[in-house]
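Student: Once you've had a glance at the structure underneath, I'll fire off some questions.
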Amino acid sequence: MAMAAELPPTPATVGPPPGSTSGIREGVLGFPTLLAQSVALISPTMTAVLIVPLAFSFAGNGTWLAYLFATVMLSFVVMNLNVFASRSALPGSMYAYIGRGLGPRGGVLSGWTLLWSYAFIAVAGLAGFAIFVNQFLDAVGIGAHVPVVFSFGVSAFLCWLVAYKDIRISSLLMLVLEGLSVVLIVVLCATVLAKHGSVLDVHQLRLDGVSVSGTTLAVVACIFSLVGFESATALGGEAKNPLKSVPRAVRWSLIIAGLFFVFVSYVEVVGASGRGLDLGQLAAPLTTLSDAYQVGYLKAPICLGAVLSFYSLTLSCVNAGSRILLPMARHGMLSHRMGNIHAGNRTPHVAVTVYTVLVLGIVSVMQIFTDPLTTFGDAGTLAAFGFLLAYFMIAVAAPVYLRKHGQLSTKSVVISALAIVCLLVPTIGSFYPLPPVPVRYFPYYFLAYMAVGATWLAAAGRRRPVLFDEIEADLEVTVDTWAHPREGAAPQMNPAP
1 MAMAAELPPT
11 PATVGPPPGS
21 TSGIREGVLG
31 FPTLLAQSVA
41 LISPTMTAVL
51 IVPLAFSFAG
61 NGTWLAYLFA
71 TVMLSFVVMN
81 LNVFASRSAL
91 PGSMYAYIGR
101 GLGPRGGVLS
111 GWTLLWSYAF
121 IAVAGLAGFA
131 IFVNQFLDAV
141 GIGAHVPVVF
151 SFGVSAFLCW
161 LVAYKDIRIS
171 SLLMLVLEGL
181 SVVLIVVLCA
191 TVLAKHGSVL
201 DVHQLRLDGV
211 SVSGTTLAVV
221 ACIFSLVGFE
231 SATALGGEAK
241 NPLKSVPRAV
251 RWSLIIAGLF
261 FVFVSYVEVV
271 GASGRGLDLG
281 QLAAPLTTLS
291 DAYQVGYLKA
301 PICLGAVLSF
311 YSLTLSCVNA
321 GSRILLPMAR
331 HGMLSHRMGN
341 IHAGNRTPHV
351 AVTVYTVLVL
361 GIVSVMQIFT
371 DPLTTFGDAG
381 TLAAFGFLLA
391 YFMIAVAAPV
401 YLRKHGQLST
411 KSVVISALAI
421 VCLLVPTIGS
431 FYPLPPVPVR
441 YFPYYFLAYM
451 AVGATWLAAA
461 GRRRPVLFDE
471 IEADLEVTVD
481 TWAHPREGAA
491 PQMNPAP
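In the UniProt record's numbering, the protein residues as written are 1 to 497.
Below, the structure is given as structure tokens:
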């Protein structure tokens, strides 16, 4: 990407203040708000309202078990991730973590990968927002529908506004909105169980009709439901006591979301079978169950909760994506303007703006060719490839990093190997059995994107041969707070020519 000439600073734009590694607000996010970031990006509501039927179509009565397997499998990735999170903290930390383990080129490519993933998850969030705005209008008896492009614009603008203003407001808002939505879903689930008459479903507990092949395919869908737990690391530079709070947020976001999915999928299967419904054919399972169990008054609140949850999902992606852009710009890999910090808000306002516009552009283009529900599914699938690659890279980087510091143990190697084996399940499932068109081409779109990133990376290195040495030196100084506590401002990389 061509670098523009540097402009003189304006009152609204500053670099890092003295004593800061980045210029953003440091030490302002506690554990609950970091947890909210990761949980919002996982988006429990999204899975409950749209994805459980897909997993059921593969696993049937074993859907709850597929979610349990997926949670356990991803826990090995969390263990590798927390090798770094317990030792270092910086904005866009996955980028820095992998850079410490696999070198600056690996770090930059991981940042490039995560920009893809967060962008497409944000696209899915905008699509879900548009879907449930109209479902909410139907639930309250308003026949008119809002044009989806208008809904995209409203959600994107509100995300930009909050992310631009204050990370503390963003995080608290995500905590409240996703929390309200989850509470409404739990209320519906409790109502379904109470009206069903029995909490125990012997068909699910005995795994009646469940096959190994079907469960394996369901696990692929379940793993894709759980990606995003790592996003709290992107806010490491703004966290209080980050070496403890960030690893806890990563770990507990996966545990909470995984157990929630096990519970909700179990109840949805119970509820649908109890009324003779085929869960695999339900486009909106929660609203259908509300009608089936004579609690239609919950439809509107659940739809509104979904609207707020999808807004929260997009907001979390904008926050995470902009924090990936920030160190990449500071290291000269992108326009230095994206590394600027707003003087009053102390947010990466240029990165937030660029990322929001990018996401809005992608979803608007996709909408030309399809409908919001298809856009939602396609965007989620596309995002998953980036997460898988980033998780593979962190699983490889962790033992390499530990070996450099004389900390490598047999346990660390085993955990890394288990994470890689577990990640092979969704990776193979993305190619076999052969998905329908156009989904079968999605992995190749991602590979083309990565090829562009690798080419751009090589070109940047040729233009400025010392670039990667400078990035590596900067990571040594600013990231590893375990070995090198931060004692002042990090040296700034000169923008690439």
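Every residue gets a Cβ at the ideal spot worked out from N, C-alpha and C, and that includes glycine.
Please read all numbers here as calculations on a predicted model, not as lab measurements.
So the alpha helix (DSSP H) G461 belongs to, where does it begin and stop?
Tutor: Note, G461: alpha helix (DSSP H), F442 to R463.
Student: Let me know the secondary structure DSSP gives A232 once reduced to three states.
Tutor: The answer is helix: DSSP assigns A232 an H, G or I state.
Student: Under a Cβ-count criterion, where at least 16 other Cβ atoms within 10 Å of its own Cβ denotes burial, should Q407 be classed as buried or exposed?
Tutor: Burial call: exposed.
Student: By Cβ distance below 8 Å, which residues in the same chain neighbour A144 in space, the five residues on each side in sequence not counted?
Tutor: L137, listed in sequence order.
Student: Compare the Cα-Cα distances from Y401 to each of R87, V359 and I368 and report the closest residue.
Tutor: Ranking the options by Cα distance to Y401, first place goes to R87.
Student: Which residues in the same chain as P53 place their Cβ atom closer than 7 Å to its Cβ, once the five residues preceding and following it in sequence are excluded?
Tutor: For P53, where only same-chain residues beyond five positions count, the Cβ hits under 7 Å are L279, G280, L282 and P285.
Student: Could you tell me whether the Cβ atoms of G305 and S181 are closer together than 7 Å?
Tutor: Cβ atoms of G305 and S181: closer than 7 Å.
Student: Helix, strand or coil: how does DSSP classify L402 here?
Tutor: DSSP places L402 in helix when its eight states are reduced to three.
Student: Flag this pair as yes or no: are the beta carbons of L315 and S170 separated by less than 7 Å?
Tutor: Closer than 7 Å, so yes.
Student: What residues are listed by DSSP as bridge partners for A29?
Tutor: Looking at the sequence itself, residue 29 is Leu, so the reference to Ala does not match. L29 pairs with A239.
Student: Could you pull out every unbroken alpha helix (DSSP H) segment of at least 4 residues lying fully inside the region 197-234, listed in chain order?
Tutor: Qualifying alpha helix (DSSP H) stretches, in chain order: 202-205 and 212-226.
Student: Closer than 8 Å by C-beta to N82: which residues in its own chain qualify, once you throw out the five before and the five after it? Chain order, please.
Tutor: Around N82: P247, V250 and R251.
Student: Taking C-beta to C-beta, are G30 and K240 nearer than 7 Å?
Tutor: Yes, they are a contact pair.
Student: Which word fits Q37, buried or exposed, when buried means at least 16 other C-beta atoms lie within 10 angstroms of its C-beta?
Tutor: Burial call: buried.
Student: Looking at Y164 and the ligand PLP, is the gap between the Cβ and the nearest heavy atom below 6 Å?
Tutor: The ligand content of the structure shown is nil, which means the ligand PLP is not present either.
Student: If we count the other Cβ atoms within 10 Å of its Cβ and call it buried at 16 or more, is Q135 buried or exposed?
Tutor: Flag for Q135 reads buried.
Student: Within the chosen definition, does the region 105-124 reach the region 441-458 through at least 3 CB pairs nearer than 8 Å?
Tutor: A contact exists between the region 105-124 and the region 441-458.
Student: Start and end of the alpha helix (DSSP H) containing F58?
Tutor: Per DSSP, F58 belongs to the alpha helix (DSSP H) from V52 to A59.
Student: Less than 7 Å between the C-beta atoms of G125 and F310, yes or no?
Tutor: A contact, by the Cβ cut-off of 7 Å.
Student: So, P327 versus Y118, is the Cβ gap smaller than 7 Å?
Tutor: Cβ distance not < 7 Å, so P327 and Y118 don't count as in contact.
Student: Could you tell me the boundaries of the alpha helix (DSSP H) in which S75 lies?
Tutor: Taken as a continuous stretch (DSSP letters only), the alpha helix (DSSP H) holding S75 covers T63 to A85.
Student: For P426, which residues of its own chain have a beta-carbon under 8 Å away from its beta-carbon, when the five flanking residues on both sides are left out?
Tutor: Within the same chain, P426 has close Cβ partners V219, V220, I223, F224, A384 and L388.
Student: Would you call the region 334-351 and the region 64-78 touching, i.e. three or more CB-CB distances under 8 Å?
Tutor: With a cut-off of 8 Å, the region 64-78 and the region 334-351 do not count as touching, because too few Cβ pairs lie within range.
Student: Please state whether DSSP places V154 in a helix, a strand or coil.
Tutor: In this structure, V154 counts as helix in the three-state DSSP scheme.
Student: I'd like the span of the alpha helix (DSSP H) that includes G128, first residue to last.
Tutor: Taken as a continuous stretch (DSSP letters only), the alpha helix (DSSP H) holding G128 covers S93 to A139.
Student: Compare the C-alpha of residue 522 against each of G344, V149 and F260 and name the closest.
Tutor: The structure shown does not extend to residue 522, since the chain spans only 1 to 497, so no value can be given for it.
Student: Does DSSP put Q294 in a helix, a strand or coil?
Tutor: Q294: coil per DSSP, three-state reduction.
Student: At which residue ranges does the region 257-293 contain complete alpha helix (DSSP H) runs of 4 or more residues, listed in the order of the chain?
Tutor: The region 257-293 contains these whole alpha helix (DSSP H) runs: 285-292.
Student: So, is T21 buried or exposed, given that buried needs 16 or more other C-beta atoms within 10 angstroms?
Tutor: A caution first: T21 carries a pLDDT of 46, below 50, which makes its placement in the model unreliable, though a value can still be read off. T21 should be labelled buried.
Student: Could you tell me the distance, in whole angstroms, from the CA atom of F263 to the CA atom of A419?
Tutor: For F263 and A419, the distance between alpha carbons rounds to 25 Å.
Student: Nearest by alpha-carbon distance to residue 500: which of V186, A234 and H203 is it?
Tutor: With the chain covering only 1 through 497, there is no way to say anything about residue 500.
Student: Taking the Cβ atom as the reference point for each residue, do F129 and V352 lie within a distance shorter than 7 Å?
Tutor: Cβ atoms of F129 and V352: not closer than 7 Å.
Student: Straight-line CA distance for N80 to A398?
Tutor: Each residue's alpha carbon lies about 6 Å from the other.
Student: If you run the structure through DSSP and keep just helix, strand and coil, what is S253?
Tutor: S253 falls in the helix class under three-state DSSP.
Student: Of the choices E238, V210 and V140, whose alpha-carbon is the least far from that of T33?
Tutor: For T33, the nearest C-alpha among the options comes from E238.
Student: Please classify Y432: is it buried, with 16 or more other beta-carbons within 10 angstroms of its beta-carbon, or exposed?
Tutor: Label assigned to Y432: exposed.
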